[in-house]
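Remarks on the structure that follows.
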Amino acid sequence: MKSISVLIKPVSSLCNLRCRYCFYGNVSDLREVKSYGIMQEDTIKNIVNNTFEILDNGDIVTFAFQGGEPTLAGLRFFQYFIEYVSKIKKNITVNYSIQTNGTLIDNQWCEFLKKNNFLVGLSLDLLEDLHDKNRVYSDNKGSYIDVINTKKLLETHKINFNILCVLTKQIALNPKEVFNFIKLNNVKYIQFIPCLDDLDCKTKSEYSLEPKYFAYFYKIIFKLWKNEFDKGNYISINLFDNLISVLITGIPSTCGIIGKCQPQFVIEADGSVYPCDFYVLDNFNLGNIKDNTLLDILRKSKMQEFLHKDINKESICLKCNFHKICGGGCKRMKNSMYIDSSNNYCGYKEFLMSTFGDLEKISVLVYKNQIPK
Numbered sequence: 429m430k431s432i433s434v435l436i437k438p439v440s441s442l443c444n445l446r447c448r449y450c451f452y453g454n455v456s457d458l459r460e461v462k463s464y465g466i467m468q469e470d471t472i473k474n475i476v477n478n479t480f481e482i483l484d485n486g487d488i489v490t491f492a493f494q495g496g497e498p499t500l501a502g503l504r505f506f507q508y509f510i511e512y513v514s515k516i517k518k519n520i521t522v523n524y525s526i527q528t529n530g531t532l533i534d535n536q537w538c539e540f541l542k543k544n545n546f547l548v549g550l551s552l553d554l555l556e557d558l559h560d561k562n563r564v565y566s567d568n569k570g571s572y573i574d575v576i577n578t579k580k581l582l583e584t585h586k587i588n589f590n591i592l593c594v595l596t597k598q599i600a601l602n603p604k605e606v607f608n609f610i611k612l613n614n615v616k617y618i619q620f621i622p623c624l625d626d627l628d629c630k631t632k633s634e635y636s637l638e639p640k641y642f643a644y645f646y647k648i649i650f651k652l653w654k655n656e657f658d659k660g661n662y663i664s665i666n667l668f669d670n671l672i673s674v675l676i677t678g679i680p681s682t683c684g685i686i687g688k689c690q691p692q693f694v695i696e697a698d699g700s701v702y703p704c705d706f707y708v709l710d711n712f713n714l715g716n717i718k719d720n721t722l723l724d725i726l727r728k729s730k731m732q733e734f735l736h737k738d739i740n741k742e743s744i745c746l747k748c749n750f751h752k753i754c755g756g757g758c759k760r761m762k763n764s765m766y767i768d769s770s771n772n773y774c775g776y777k778e779f780l781m782s783t784f785g786d787l788e789k790i791s792v793l794v795y796k797n798q799i800p801k
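By the working numbering, the letter at position 105 of the sequence shown is numbered 533, and the numbering carries on one by one without gaps.
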């Protein structure tokens, strides 16, 4: 049984927000074509046909929609996509997910998302002042209240969702306030994505995360999280989930967490395919889905070079006790959570040194399904 994921950008880099730290805004600025507009129906057909061509009965596929802001494609786009998938006469399990800034979601959207069992990722930076400083409309108005209202809508409609928080340096300095939000708002699923410097940056931005702030944040968050775990309240935090998965099975649920790239199929609005969401750049273009199946794409030398190119590991990595479960980590996040500019300090190592014993014990309990009650 195969399980694959296809990440689709239906509106390319188009967005109704002007987030100050947007990594995809920077990526698209570095391309010859910044935005490929809105995906056309023939591209949808090519994606679906060429994906299902390599799937057999019993396989699983996840179509994940991101942006830009994917809801700008309009509800009809997604209705058409699902209608076309439903015409494929194969016994394939199809999952859908969408990552949204939450500002355009209304009751009609919620009815559609619920009906089609979408998993929704809601971008929310948790702390109102910091969210409204960075996640703004074109007139610099903050979007926090709009996103909180969408969170309430998703809850009302009983839609499965998780929160995605961009872990800026400023948020990393406020771990207790962050966890208070998680508890007070009954957040059960959350992932923190390190705020990255631009690919072409000369100096670090005021928002980007650094390894020492990564360690500070997660060491405190872990203690607070463990207190809840000990009370029988399991809160899904992406990094902890991944580490528990690695300790139990050796397999992470997120690409890069053990120093290896997993094959991704990122499809831009024009049908061009890329190996990673962080590298949707002209020199990483693997061809167009109208001309290739995903198997064709996977076999291309450019994809294989990307997947197997060794991360430049510093000497601190090679002699680290945690190297087997880290492998140097994600190459794009190296300067945000792993090695600092001195090449002598690793934020991820400091975090693991503080938490690894507890993580091992918790992993045993999770494996035995003996979470405290």
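Ideal Cβ positions, reconstructed from N, Cα and C, are used throughout, including at glycine. It should be emphasised that the depicted structure is a prediction, and the values quoted were computed from it without experimental measurement.
Contact between residue 446 and residue 710 fails: their C-beta atoms lie close to 24 Å from each other, not under 8 Å. For residue 529, the number of other beta carbons within 10 angstroms of its own is at least 16, and it is reported as buried. Per DSSP, reduced to three states, the secondary structure at residue 666 is helical. Between residue 496 and residue 442, the CB-CB gap stays under 8 Å. In this structure, residue 432 sits away from residue 493, with a CB-CB distance that is not shorter than 8 Å. At the C-beta level, residue 624 and residue 451 come within 8 Å of one another. Three or more pairs of CB atoms, one per stretch, sit closer than 8 Å, so the stretch 595-602 contacts the stretch 632-641. Put simply, the stretch 684-704 does not touch the stretch 644-662. Fewer than three CB pairs are less than 8 Å apart. Secondary-structure assignment with DSSP links residue 593 through a beta bridge to 620. With a minimum length of 4 residues, the unbroken runs of alpha helix (DSSP H) contained wholly in the stretch 655-739 fall at 666-677, 722-727 and 729-736. Leaving aside the five residues that flank residue 728 on each side, the residues in its chain whose CB is nearer than 6 Å to its CB run, in chain order, 714.
Annotation for residue 763: 625 place their beta carbon closer than 7 Å to its own, counting only its chain and skipping 5 residues before and after.
Sorting 613, 545 and 608 by C-alpha distance to the C-alpha of residue 577 places 613 at the top. Residue state for residue 439 is assigned as coil, using DSSP reduced to three classes. With contact defined as three or more Cβ pairs closer than 8 Å, the stretch 537-549 and the stretch 558-568 are not in contact. Nearest C-alpha to residue 792 among 573, 761, 652 and 676: 676. For residue 526, the enclosing beta strand (DSSP E) starts and ends at 521-528.
Under the three-state reduction of DSSP output, residue 493 falls in the strand class. When the alpha-carbon of residue 506 is set against those of 781, 491, 621 and 712, the nearest one is in 491. The bridge partners DSSP lists for residue 550 are 528 and 591.
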